[in-house]
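Remarks on the structure that follows.
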Amino acid sequence: MNSKFLDDVTHVKSSSKTLPERVADQIRQLIIDRHMENGDQLPNEFELAQQLNVSRGSVREAVKLLVARNVLELRRGKGTFIADNTGVVDDPFGFAYLEDEPRLANELMDIRRQLEPWIAAKAAEQANDQDIAELRVLQYKVEELIQSGQDHLAADQQLHIRIADCTDNRVLHELVPVQETIDTHAAVVDAIAAHDPEAAREAMQEHLKHNRLSLTGASE
1196 MNSKFLDDVT HVKSSSKTLP ERVADQIRQL IIDRHMENGD QLPNEFELAQ QLNVSRGSVR
1256 EAVKLLVARN VLELRRGKGT FIADNTGVVD DPFGFAYLED EPRLANELMD IRRQLEPWIA
1316 AKAAEQANDQ DIAELRVLQY KVEELIQSGQ DHLAADQQLH IRIADCTDNR VLHELVPVQE
1376 TIDTHAAVVD AIAAHDPEAA REAMQEHLKH NRLSLTGASE
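Heads up: the sequence shown is residues 1196 to 1415, going by our numbering.
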């Protein structure tokens, strides 16, 4: 494809943005280039305006856009900081506005049944000793909460996220959902510890099958 055509398309796309949107893009790139992390403080408005060669008003409007997108947060009397869950907004897919919650729960479970066995298999291939040790701690924590009749969903979510982290895939950390039981958790972690991808895949499938049965019973 003609490189000049690509340059023209890029120019049209960038020129269609407002000045605050272009400044917001510059600030995002600055965060990436400086390897800044959640909770880090940005330079003040005057410094950003100088560094980006724009007006302070443009910086102010760009910051508002990034706050709305949960990239930045304003702390009164302290300054502008990178948000804890950068770029993650509440209910980005609008699930809260979908009717028929039992149907939605089943549809989400369908997605999990496709995705999470692959995650478990990948974790079994890549998990190191530290990963496995942390999975065991989380597995036992969920077991203790279930056996004592306490709410285990937060710990359960931590376990699933930690399994996803073992794949070293940054996208999965934000996609993995919740829900669980003791025996299938143990089987999944056992398979990962044994570095057995097929067993991990099967254990996660069994785990999700159990969850679907529980979900169906609850909806009935």
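We treat Cβ as the ideally placed atom computed from N, Cα and C, and that holds for glycine.
Asked	Found
For residue 1235, collect the residues of the same chain with a Cβ closer than 6 Å to its Cβ; drop the 5 residues on either side in sequence, then sort them by chain order.	1277
Report back the beta-carbon spacing between residue 1341 and residue 1361 to the nearest angstrom; my notes put them in contact at under 8 Å.	The pair is not a contact, with the Cβ atoms about 23 Å apart (cut-off 8 Å).
Alpha helix (DSSP H) containing residue 1271: first to last residue?	Where residue 1271 is concerned, there is no enclosing alpha helix (DSSP H), given that its DSSP letter is neither H nor E.
Tell me the rounded alpha-carbon separation between residue 1254 and residue 1229.	18 Å
Are residue 1381 and residue 1334 close, meaning C-beta to C-beta below 9 Å?	yes
Check whether chain B comes within 9 Å of residue 1239, counting only Cβ atoms and requiring the distance to be less than that.	Protein chains in the displayed structure number just one, and chain B is not present.
Would you report the Cα separation of residue 1303 and residue 1367, rounded to the nearest angstrom?	15 Å
Taking just the CA atoms, how far does residue 1337 sit from residue 1316?	21 Å
Just mark residue 1306 as buried or exposed, buried being the case when its beta carbon has 16 or more other beta carbons within 10 Å.	exposed
Let me make sure I understand the geometry here. Which of 1389, 1275 and 1272 has the alpha-carbon closest to that of residue 1326?	1389
Spatial neighbours of residue 1318 within its chain, please: CB distance less than 8 Å, with the 5 preceding and 5 following residues excluded, ordered by chain position.	1326, 1358, 1359, 1361, 1362, 1387 and 1395
Measuring alpha carbon to alpha carbon, tell me which of 1256, 1239 and 1247 ends up nearest residue 1273.	1239
What whole-angstrom Cβ distance do residue 1399 and residue 1312 have, given they're in contact under 8 Å?	4 Å
Rounded to whole angstroms, what is the Cα-Cα separation between residue 1329 and residue 1391?	18 Å
CA-CA distance, residue 1224 and residue 1258?	13 Å
If I'm right that residue 1403 touches residue 1308 with Cβ under 8 Å, what's the distance once you round it to whole angstroms?	5 Å
Between residue 1261 and residue 1314, is the Cβ-Cβ spacing less than 9 Å?	no
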